[in-house]
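Numbering of the sequence shown is given in the numbering used here, commencing with residue 3 and proceeding in unit increments.
Working notes, beginning with the structure itself.
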Amino acid sequence: NPRNSGVMGRSFVRAWRHARIAVNAPEMEYVRLATLADADEIAAIYAPFVAHTHVSFEEMPPSRRAMRERLVDARDAMPWIVCERDGRVAGYAYASAHRSRAAYRYSVDTSAYVRDGDRGMGVGRAIYGALLRVLTAQRFANAFAGIAIPNDASLALHRALGFAEIGRYANVGFKDGAWRDTVWLQRPLATPTVPPLEPLALGALTPGTIARALA
């Protein structure tokens with residue numbers, strides 16, 4: 003049965019029940035919207051990236067409670083998507099506001115993290131592709147990703163999904179004993195219009211729209 007306790011809003015309950023998409027049925031693999039019940043596993047996946055690598059510029063892994071609060075803060079505005087394999091979360095992808103000022107509201111930043119042991123199996127591409135399709139359905143215009151380098155695997159994934167490098171911040175962060183550059187990539191999600199279309203909340207999307215995006 004779906005793990006639907008603690009879901010981020012009623013629309014998530016409705017959409018999740020209709021949008022749990024099997025991508026590899028023999029292995030019981032699903033791409034679906036995240037729920038608050040996933041917070042512990044998401045925190046566990048993210049923690050090693052913070053504690054042991056330069057991939058994330060956070061310096062202290064967020065607690066399970068803090069991760070739950072991030073999911074709550076996203077609510078119906080920004081999607082969080084997980085890949086569930088054999089009853090556990092193998093990876094997650096999410097979007098956040100690109101900047102806080104109003105004119106930036108048509109663009110988002112995106113990220114994805116995959117559990118050690120589940121990498122190289124297509125999990126990252128599945129969740130990231132689903133994330134981009136949901137964002138397109140929400141009428142966002144652009145997705146941006148900042149990647150602390152070196153990170154060849156992440157760069158390759160983003161390029162495979164249609165991102166193009168647009169610039170670099172040199173020596174922008176100090177992590178894991180060294181100054182780090184960040185490469186920025188952009189992927190258009192829609193042709194810009196004048197006036198622009200206002201982004202939609204997740205709750206405004208039909209379950210069928212979300213199901214098609216997750217598939």
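Using N, Cα and C, we set each Cβ at its ideal position, and we do this for glycine too.
query, result
"Residue environment, Trp18, which counts as buried when at least 16 other CB atoms sit within 10 Å", "Unreliable positioning characterises Trp18 in this predicted model, as indicated by a pLDDT of 45, which lies under 50. The coordinate reading is nonetheless provided below. Classification of Trp18: buried, given that the 10 Å Cβ count is 16 or more."
"Same chain, Cβ closer than 6 Å to Ile47, five either side skipped, listed in chain order", "Tyr115 and Arg117"
"Under 8 Å between C-beta atoms of Asp111 and Ser98", "yes"
"Residues that DSSP places opposite Ala166 in a beta bridge", "Gln188"
"Beta-bridge partners of Ala147, as assigned by DSSP", "Leu187"
"The stretch 130-143 / the stretch 157-173 touching (three or more Cβ pairs under 8 Å)", "yes"
"Ile55, buried or exposed, once every other Cβ within 10 Å from all chains shown has been counted against 16", "A small correction: the amino acid at residue 55 is Thr; Ile does not occupy that position in the sequence shown. So Thr55 counts as exposed."
"Cβ-based burial, Met62 [other Cβ within 10 Å; buried from 16]", "exposed"
"Cβ shell of Gly126 (< 7 Å), same chain only, five flanking positions each side left out", "Gly93, Ala114, Val116 and Leu159"
"Boundaries of the alpha helix (DSSP H) in which Tyr115 is found, first to last residue", "It is not in any alpha helix (DSSP H) - Tyr115 instead sits in the beta strand (DSSP E) that spans Ser109 to Val116."
"Cβ-based burial, Ser65 [other Cβ within 10 Å; buried from 16]", "exposed"
"Gly210 - DSSP class collapsed to helix/strand/coil", "helix"
"Contact set for Arg135: own chain, Cβ-Cβ below 6 Å, skip 5 residues either direction", "Ala215"
"Beta-carbon gap between Pro194 and Arg107 smaller than 8 Å", "no"
"Option nearest Glu86 by Cα separation, candidates Glu31, Ala192, Ala172 and Phe142", "Glu31"
"Terminal residues of the alpha helix (DSSP H) in which Tyr48 lies", "Ala41 to His54"
"Own chain, CB closer than 7 Å to Ile168, minus 5 neighbours either side, in chain order", "Trp186, Leu187 and Gln188"
"Closest by C-alpha distance to Gly148, when choosing among Arg141, Ser156 and Phe142", "Ser156"
"Same chain, Cβ closer than 7 Å to Asn153, five either side skipped, listed in chain order", "Val57"
"Separation of Pro198 from Arg70, as counted between CA atoms", "32 Å"
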